[in-house]
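>
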Amino acid sequence: MPDATFACPDLTTFCRLDELGLEATGQHLATDRAVLACRITDDGSWCRRCGEQGTVRDGVTRQLAHEPFGWRPTTLLVTIRRYRCQGCAHVWRQDSGKAAEPRAKLSRRGLRWALEAIVCRHLSVARIAEALAVSWNTANNAVLAEGRRVLIADPARFDSVAVIGVDEHVWRHTRRGDKYVIVIIDLTPVRDKTGPARLLDMVEGRSKKAFQDWLAGRPKQWRDGVEVVAMDGFSGFKTATTEELPGAATVMAPFHVVRLAGNALDECRRRVQMDTCGHRGRRTDPLYACRRTLQTGADLLTDKQKTRLTALLSCAVGFVLRLNSADPGAGFAMLLAACVAISRFACDGCHSVAFGSAWTDDLLPGWW
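Heads up: the sequence shown is residues 580 to 947, going by this note's numbering.
#1: Buried or exposed: where does D637 fall if 16 or more other Cβ atoms within 10 Å of its Cβ makes it buried?
#2: I'd like the list of long-range same chain contacts for Q791, defined as Cβ closer than 7 Å, with 5 residues on each side in sequence excluded.
#3: What span of residues does the alpha helix (DSSP H) with K788 cover, start to end?
#4: Bridge partners for D780 per DSSP, in chain order?
#5: Between the stretch 757-765 and the stretch 774-788, are three or more C-beta pairs nearer than 8 Å?
#6: Do you know how far the Cα of E598 is from the Cα of L656?
#7: With burial defined as no fewer than 16 other Cβ atoms inside 10 Å of the residue's Cβ, what is the status of E646: buried or exposed?
#8: Assign G676 to one of three DSSP states: helix, strand, or coil.
#9: Give every residue of the same chain whose Cβ lies closer than 7 Å to the Cβ of G623, excluding the five residues on either side of it in the sequence, and list them in chain order.
#10: Note down, in chain order, each residue of its chain lying with its Cβ closer than 8 Å to the Cβ of T872, except the 5 sequence neighbours on either side.
#11: What residues are listed by DSSP as bridge partners for Q606?
#12: Are the Cβ atoms of K684 and A644 separated by less than 8 Å?
#13: Since V635 sits in a beta bridge, which residues does DSSP pair it with?
#14: So does the stretch 697-706 actually touch the stretch 716-731, counting three or more Cβ pairs closer than 8 Å?
#15: Between the stretch 806-813 and the stretch 823-839, do at least 3 Cβ pairs fall closer than 8 Å?
#16: May I ask you to list the residues that DSSP assigns as paired with K758?
#17: When the distance is taken between beta carbons, is Y662 closer than 8 Å to G630?
#18: Would you call the CB atoms of R641 and W671 closer than 8 Å?
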């Protein structure tokens, strides 16, 4: 910084106490923490009842956990004056609301630092509590309250939502059994390719009523703007969407489509294994040896897996064609038409379908 303009060193501005309406009057540095003595810059000596200027009666101190500087926690020791009105005998304190919420243990800067540390830096609540020199419950309650105020209570987070996704999540480490919540996310940035998905809300429960009540609680203008709802195979989500969002299209999320297709493929493999060999899969059986390869994406297959899968499909499909069609050419044409139809309507992310259609040109001519 060759052209930097330096100002006089000021502890108040360095610790950003001026943003809280405070001024540093002293410091105490220990090995485990730093304590800054502060006073409120706003005088506040005028009576709020009669308007006369009061006199200083006494003072109280208030400790606030501030944002840490380095690895040492910083604590603010704020001196708050108490005034007494000579006219009406009213007693009041200086207003410290700019520095912290009433009865709060964290300053506003410390609270902002804790929220950013959890959301942006992915620190744990225990690490936050250690850095602020407060208990775990104090840090957790403060962060939850600030998160609700800044994130959950923000009405703008529901703006421009056209595609939503709904799924369930379960916590299995709770003391009273499993705890389910419905997670609603905004998929509009993903569809428009403008950014990642973002969390809209989490609703306790896993029923149709819980999701339907959440939809019913949204404004009608917002509900009319929802175009697509992606979900899993739970019929309750679909019924709630149909009743509350009649103009929205319901689709199944790609993850659940792939999972259901994978389960159907496993069931088919087991059935063919039992019908062909008369027993469950063994290590030496070709179909059983390819059970994991059949579930692997085409772009992740190794050369060895491709060779094994090619040999397996060549034998199986060739046998089916000869068994079901007396004319090999007719069987080949039917299978080729099916492969082309599937690949034509596949989305951009289904690389395995496109890969399979490319295989068709190489494998099918050799089967007959």
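For every residue, glycine included, the Cβ atom is placed at its ideal position computed from N, Cα and C.
According to the structure shown:
#1: exposed
#2: A819, E822 and E823
#3: K787 to A795
#4: I763
#5: yes
#6: 16 Å
#7: buried
#8: coil
#9: Q673 and D674
#10: L880, Q884, R887 and L888
#11: L615
#12: yes
#13: Y662
#14: yes
#15: yes
#16: W750
#17: no
#18: no
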